[in-house]
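Each residue of the sequence shown is one higher than the one before, starting from 1 at the first, in full-length UniProt numbering.
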Amino acid sequence: MANTSRIDIDVDKQGDFEVCFAKLKDVKTKNFMVCFNAAKAVCRVDADEIHLEHLLSSPNKDYSTRWINFWGWDHGRTSFLDVIAKRYDLSPRLLDLLWPKIPSPKASKTPASNSSGSPTSSADIELGLSPVNSASRSGTGDRQIPLFAHVVDRLWHFCSVDRGEHYLYVGFNALVAATGQKPSVGTDRPTGHRIWTSLLLCDDGTVFSILEDPPVGSNDELIHNIRWYVLDIFQQQSHRHSPPPSSSLGRVTVRPTDAAQPATHEAMTEMTSLLFYYLFDDWLTSYSLIAQRDHLYRAELEEIRTRMFRAADVSLIESLHQLGRQLTVLKLMYKSYESIIRRILQRRRSYQLPIQEPVNGFHNSNAWYNTAVPGAFDSPSVDPLAYEQSPISPGGISKAHRVTLASPAVFRFERLLDRIQLLAQTEIDECIREKESLTFMNFNLVALKESQAVEKLTRTTIFLAKATVLFLPVSLLTSYFSIQVINNTGYNLKTYWLSFLVVGLLTILLLSVTGFANSKALGGTVYRSLTKIFLLRITENRKGVKKSSR
1 MANTSRIDID
11 VDKQGDFEVC
21 FAKLKDVKTK
31 NFMVCFNAAK
41 AVCRVDADEI
51 HLEHLLSSPN
61 KDYSTRWINF
71 WGWDHGRTSF
81 LDVIAKRYDL
91 SPRLLDLLWP
101 KIPSPKASKT
111 PASNSSGSPT
121 SSADIELGLS
131 PVNSASRSGT
141 GDRQIPLFAH
151 VVDRLWHFCS
161 VDRGEHYLYV
171 GFNALVAATG
181 QKPSVGTDRP
191 TGHRIWTSLL
201 LCDDGTVFSI
211 LEDPPVGSND
221 ELIHNIRWYV
231 LDIFQQQSHR
241 HSPPPSSSLG
251 RVTVRPTDAA
261 QPATHEAMTE
271 MTSLLFYYLF
281 DDWLTSYSLI
291 AQRDHLYRAE
301 LEEIRTRMFR
311 AADVSLIESL
321 HQLGRQLTVL
331 KLMYKSYESI
341 IRRILQRRRS
351 YQLPIQEPVN
361 GFHNSNAWYN
371 TAVPGAFDSP
381 SVDPLAYEQS
391 PISPGGISKA
401 HRVTLASPAV
411 FRFERLLDRI
421 QLLAQTEIDE
431 CIREKESLTF
441 MNFNLVALKE
451 SQAVEKLTRT
461 TIFLAKATVL
471 FLPVSLLTSY
481 FSIQVINNTG
491 YNLKTYWLSF
501 LVVGLLTILL
511 LSVTGFANSK
521 ALGGTVYRSL
531 TKIFLLRITE
541 NRKGVKKSSR
């Protein structure tokens, strides 16, 4: 019988590395396990729970970093979780959150909102509960308790940070989008596919990464887009992989390039911490979604602006509303990433600081403060709530939480926090402000369009009124000539037309004087008459002809 517990692919050999990487790129691959230090790196693809149990139970004598990655699937989920829970003493709740059970399509159809207007009760998201109707509360109906898969699917900004004696857990929703994909139409969710990601950092140098399966029926391109970052980290752990110089932004420095570097516990801790950080920081995807110069949300806003100036319409408000809700969800997701980083750093930055002896000579030698730097609470710029205050052992490390991050990983988390705040959130806020300004602008343009329509109607009404006034004296004149009055027989046709011309000119003059006086009294009209426009065009054409003749 073959020794199935051996991880037998040496990724530092060119041929073995190519074979292993080809297997990992197969969409049917479900997991892989890598053990590496400065001297060697070996891997096994599609291992079962027997391999996992043997690996976790084996002593880590050579201080290797163990990276175990699962691309989540339902088959065999319980067996792997039992092995992990037994080894690291995970709670049942954390197990469900670590690898959420995929619900059936019928069970996953939960309403996103209460459209009936009935009152709802508050939900305890941390316990995985959701509001229930009055029938469920009264006991007349079945109480429906959703799974964590429902929670993470409905709340894209849901995240979780948990600590135990042997582990540090981080769970969050990652956003994967195809290149050049435009913002979704008719949905409140951002562009891309939500993938629940769980990272588990253990005290024995083991890192678990579990990625949720894509939706049922997804094509191979989407699966490759979801897995490409994990595969990129994997291939950079091989000494046979040489990334191009142009990919410096995506360089992942976890494993030392010097194979002669001794394997120590400090080196293992540093490699494990860096691997944990790089699995969390998929910055290239974030850059393509948010921080690039021509990202699609800003391009969509620019397109709406162009359509708005071409023809302002109330229907554009709906597009802006949908885009604003997508940006809000995206902002909340980055807020959750920021919250995760702060919770990771607050424990790492906390250390002992004995109380200074007061002036009166009294001193409590058993009291300790947790601060970021000596004298941090003396500075008004430091928020005391930003640092966790919990009992710490005299050795400086909490006995209940022994998993710590190495300094290089801490520095990178701090840098990531700055990038999220200064680049991602700033860009999202700018897009939200632009969306709001476009909304007000659209309302103003629609109002201006309506006022112009009213103005045109007013001009038409005034024109008809003037025409009526113009022909009224002529009508009276014609009536006068048609009446058979005594001694009124000396008029002929010539007299009639001369009278018609005089009355018409006097009427036009009267209307012009009245219009001029009215415009002066009201401060000028909001439009130009057709006569002025016609005369102005004739004058401009004559000037153009004279200039061309010269």
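For every residue, glycine included, the Cβ atom is placed at its ideal position computed from N, Cα and C.
(message) Check this for me: beta carbons of T65 and M308, under 8 Å apart or not?
(response) Sequence index remark: in the sequence shown, residue 65 carries index 65 (1-based). Sequence index remark: in the sequence shown, residue 308 carries index 308 (1-based). In this structure, M308 does not lie closer than 8 Å to T65 by Cβ.
(request) Flag this pair as touching only if the stretch 49 to 66 and the stretch 206 to 214 have three or more C-beta atom pairs under 8 Å; answer yes or no. (result) yes
(request) Please report how far the alpha carbon of I420 lies from the alpha carbon of L56, in whole angstroms. (result) Working through the sequence shown from its first residue, we reach residue 420 at position 420. Working through the sequence shown from its first residue, we reach residue 56 at position 56. Distance between the alpha carbons of I420 and L56 is about 35 Å.
(message) Rounded to whole angstroms, what is the Cα-Cα separation between A409 and L416?
(response) Against the sequence shown, residue 409 aligns to sequence position 409. Against the sequence shown, residue 416 aligns to sequence position 416. Between A409 and L416, the C-alpha separation is close to 10 Å.
(message) DSSP three-state label for Y491, please.
(response) Counted from its first residue, the sequence shown places residue 491 at position 491. The answer is coil: DSSP assigns Y491 none of H, G, I, E or B.
(message) Considering just the uninterrupted stretch of the alpha helix (DSSP H) at W283, what are its terminal residues?
(response) Here residue 283 is taken as the residue at index 283 of the sequence shown, counted from 1. Per DSSP, W283 belongs to the alpha helix (DSSP H) from W283 to S286.
(request) Measure the alpha-carbon distance for V230 versus E450 and round it to whole angstroms. (result) Against the sequence shown, residue 230 aligns to sequence position 230. Against the sequence shown, residue 450 aligns to sequence position 450. Cα to Cα, the separation comes out at about 55 Å.
(request) With V11 as the anchor, note down where its beta strand (DSSP E) starts and where it stops. (result) Within the sequence shown, the letter at position 11 stands for residue 11. Run containing V11: none; DSSP gives neither H nor E here.
(request) Look at the Cβ atom of V170, then the Cβ atom of N225, and state whether they are nearer than 8 Å. (result) In the sequence shown, counting from the first residue as 1, residue 170 sits at position 170. In the sequence shown, counting from the first residue as 1, residue 225 sits at position 225. Their beta carbons are not under 8 Å apart, which means V170 does not touch N225 by this criterion.
(request) Determine the DSSP secondary structure at N114, reduced to helix, strand or coil. (result) Locating residue 114 in the sequence shown gives position 114, where the first residue counts as 1. With a pLDDT of only 40 at N114, under the threshold of 50, the placement of this residue in the model should not be trusted, and no figure is reported.
(request) Quick one: give me the first and last residue of the alpha helix (DSSP H) that W228 is part of. (result) If you number the sequence shown from 1, residue 228 lands on position 228. W228 -> alpha helix (DSSP H) spans D220 to Q235.
(request) Using beta-carbon positions only, say whether I223 and V252 come within less than 8 Å of one another. (result) Position 223 of the sequence shown, counted from the first residue, corresponds to residue 223. Position 252 of the sequence shown, counted from the first residue, corresponds to residue 252. Not in contact: I223 and V252 (Cβ atoms no closer than 8 Å).
(message) When you compare the stretch 79 to 87 with the stretch 150 to 160, are there three or more beta-carbon pairs, one atom per stretch, that lie closer than 8 Å?
(response) no
(request) Starting from the Cα of G164, find the closest Cα among R402, L511, D418 and K61 and give me that residue. (result) To locate residue 164, count along the sequence shown from 1; it is residue 164. When each option's Cα is compared against that of G164, the closest is R402.
(request) Kindly indicate which residue of L211, Y287, F411 and S218 has the alpha-carbon position closest to the one of L422. (result) Here residue 422 refers to the residue found at position 422 when the sequence shown is read from its first residue. When only C-alpha atoms are compared, the closest one is Y287.
(request) Pull up the distance between the alpha-carbon of V454 and that of A467, whole angstroms please. (result) If you number the sequence shown from 1, residue 454 lands on position 454. If you number the sequence shown from 1, residue 467 lands on position 467. Roughly 20 Å separates the two Cα atoms.
(message) Going by C-alpha to C-alpha distance, which of V469, G15 and P473 sits closest to H241?
(response) To locate residue 241, count along the sequence shown from 1; it is residue 241. With distances taken between Cα atoms, H241 lies closest to G15.
(request) Output the boundary residues of the alpha helix (DSSP H) element that contains S471. (result) As a first step, residue 471 must be located in the sequence shown, where it is residue number 471. The question names Ser, but residue 471 is Phe in the sequence shown. Segment T426 to S482, the alpha helix (DSSP H) holding F471.
(message) If the criterion is Cβ atoms closer than 8 Å, does the pair C43 and I9 meet it?
(response) Residue mapping note: residue 43 aligns to position 43 of the sequence shown, counting from 1. Residue mapping note: residue 9 aligns to position 9 of the sequence shown, counting from 1. Result yes, Cβ atoms of C43 and I9 sit closer than 8 Å.
(message) Under DSSP, the beta strand (DSSP E) around R66 begins and ends at which residues?
(response) The count along the sequence shown starts at 1 and reaches residue 66 at position 66. Looking at the DSSP string, the run of the beta strand (DSSP E) that includes R66 is T65 to W71.
(request) Using the Cα positions of Y496 and L448, report the straight-line distance between them to the nearest angstrom. (result) Stepping through the sequence shown from its first residue, residue 496 is reached at position 496. Stepping through the sequence shown from its first residue, residue 448 is reached at position 448. The alpha-carbon atoms of Y496 and L448 are separated by roughly 48 Å.
(request) Can you tell me which of the three DSSP states R255 falls into? (result) By one-based count along the sequence shown, residue 255 stands at place 255. Note: R255 maps to coil in three-state DSSP.
(request) With DSSP as the reference, please indicate the residues paired to M33 in a beta bridge. (result) Position 33 of the sequence shown holds residue 33. Bridge partners of M33: R44 and I68.
(request) Tell me, please, whether the stretch 187 to 199 touches the stretch 26 to 34 by the rule of three or more beta-carbon pairs shorter than 8 Å. (result) no
(request) Starting from F208, trace the alpha helix (DSSP H) both ways and give me its first and last residue. (result) In the sequence shown, residue 208 corresponds to position 208, counting from 1. Here F208 belongs to no alpha helix (DSSP H); instead the beta strand (DSSP E) covers T206 to L211.
(request) Going by DSSP, name the residue or residues bridged to residue 551. (result) The structure shown has nothing for residue 551, since the chain only spans 1 to 550.
(request) Go to F158, then tell me how far its beta strand (DSSP E) extends in each direction, as first and last residue. (result) For the purposes of this step, residue 158 is identified with residue 158 of the sequence shown, where counting begins at 1. Run containing F158: none; DSSP gives neither H nor E here.
(request) Count the CB pairs spanning the stretch 435 to 443 and the stretch 338 to 348 that are closer than 8 Å, and state whether there are at least three. (result) no
(message) Does the structure place the stretch 508 to 520 close enough to the stretch 466 to 480 that three or more beta carbon pairs sit under 8 Å?
(response) yes
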